[in-house]
Amino acid sequence: MDNIQVKDKSFSLFISAEEIDQAVSEVAAHIAQDLRGKNPLFIVVLNGAYMFAADLIRKFDFDCEISFVRLSSYAGMETTSKVREVIGLYENLTDREVVVIEDIIDTGISMAFFLDKIRETNVKSVRLGTLLFKPDAFRKNYHIDYVGIKIPNEFIVGYGLDYDGLGRNYPDIYKIVE
Ligand code: 5GP
Ligand code: MG
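Right under this line is the structure:
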């Protein structure tokens with residue numbers, strides 16, 4: 097499908113499922129290099145990252161654990177600077193090697209909030225992995241350990257990413273048609 101309609105907006109094909117899979121494999125290889133044998137705990141940021149996380153974690157052949165949090169900062173197409181932990185983290189992070197898994201880092205504000213929260217625990221290490229990164233929108237300066245694909249500052253949907261709750265189901269990624 098080259099074009100999709102989600103609510104009142106049109107989107108055109110931007111990143112194919114094959115390209116996504118390639119990027120997921122590269123991220124998985126880097127994570128495996130760093131964390132094989134260390135039983136990493138993946139903390140997946142819902143809702144957007146569920147599809148990426150499912151594909152990523154299936155590429156590992158060593159012990160690892162997965163848990164989920166839900167942060168809320170986005171309303172429609174605008175990032176707001178108010179971040180909330182809607183579903184919190186219940187795992188004990190003491191001495192764990194944690195990898196936070198995001199779908200996309202845009203302004204970076206939601207992750208800044210969450211990374212601060214994790215660093216307040218007795219975690220052994222915290223790494224950050226994201227499928228997509230918008231360098232031109234990023235307003236923070238923390239390090240992102242694993243980046244799948246860098247993209248321009250445009251609004252996208254598909255592969256877990258939504259526009260007002262819709263569009264998460266598509267296996268490819270689409271960008272908005274202005
Ligand atoms: P940030 O706090 O980095 O600005 O944004 C974080 C969250 O906003 C992401 O995890 C994602 O859920 C959402 N987001 C950012 N950019 C986009 C985008 O282009 N499309 C969609 N659907 N969500 C986005
Ligand atoms: Mg997200």
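97 is the number of the first residue of the sequence shown in our numbering; add one for each residue after it.
Cβ coordinates follow ideal geometry from the N, Cα and C atoms, glycine included.
Note that this is a predicted model, so its numbers are computed, not measured.
Exercise. According to the Cβ coordinates, are residue 247 and residue 270 closer than 8 Å?
Worked result: No, the pair does not count as a contact, with Cβ atoms beyond the cut-off.
Exercise. For residue 273, which residues of its own chain have a beta-carbon under 7 Å away from its beta-carbon, when the five flanking residues on both sides are left out?
Worked result: Cβ neighbours of residue 273 beyond the five flanking positions: 106, 107, 108.
For this session: Using beta-carbon positions only, say whether residue 137 and residue 222 come within less than 8 Å of one another.
Result: No; because the gap between Cβ atoms is not below 8 Å, this pair is not in contact.
Problem set entry | Any alpha helix (DSSP H) of 4 or more consecutive residues that is wholly inside the stretch 178-215 | Runs of the alpha helix (DSSP H) inside the stretch 178-215: 205-215.
For this session: Report whether the distance from the Cβ of residue 274 to the nearest heavy atom of the ligand 5GP is below 7 Å.
Result: No; taking the cut-off as 7 Å, the Cβ of residue 274 has no heavy atom of the ligand 5GP nearer than that.
Exercise. Any idea if residue 206 is buried or exposed, counting beta-carbon neighbours within 10 angstroms, 16 or more meaning buried?
Worked result: buried
For this session: Tell me whether residue 112 sits in a helix, a strand or coil according to DSSP, three-state version.
Result: coil
Exercise. Hey, is residue 257 close to the ligand 5GP, as in C-beta under 7 Å from one of its heavy atoms?
Worked result: Yes, Cβ of residue 257 sits closer than 7 Å to a heavy atom of the ligand 5GP.
For this session: Return the chain-ordered list of same chain residues with a C-beta closer than 7 Å to the C-beta of residue 254, the five sequence neighbours on each side being excluded.
Result: Annotation for residue 254: 263, 266, 268, 269, 270 place their beta carbon closer than 7 Å to its own, counting only its chain and skipping 5 residues before and after.
Exercise. When the distance is taken between beta carbons, is residue 124 closer than 8 Å to residue 148?
Worked result: no
Problem set entry | Short Cβ contact (8 Å threshold) for residue 145 with residue 256 | Yes. Within cutoff.
Exercise. Is the beta carbon of residue 227 sitting closer than 8 Å to the one on residue 200?
Worked result: yes
Problem set entry | Candidates 166, 152, 241, of which the one nearest residue 160 by Cα | 152
Exercise. Is the CB-CB distance between residue 242 and residue 208 below 8 Å?
Worked result: no
Exercise. What are the boundary residues of the beta strand (DSSP E) that residue 138 is part of?
Worked result: 137-142
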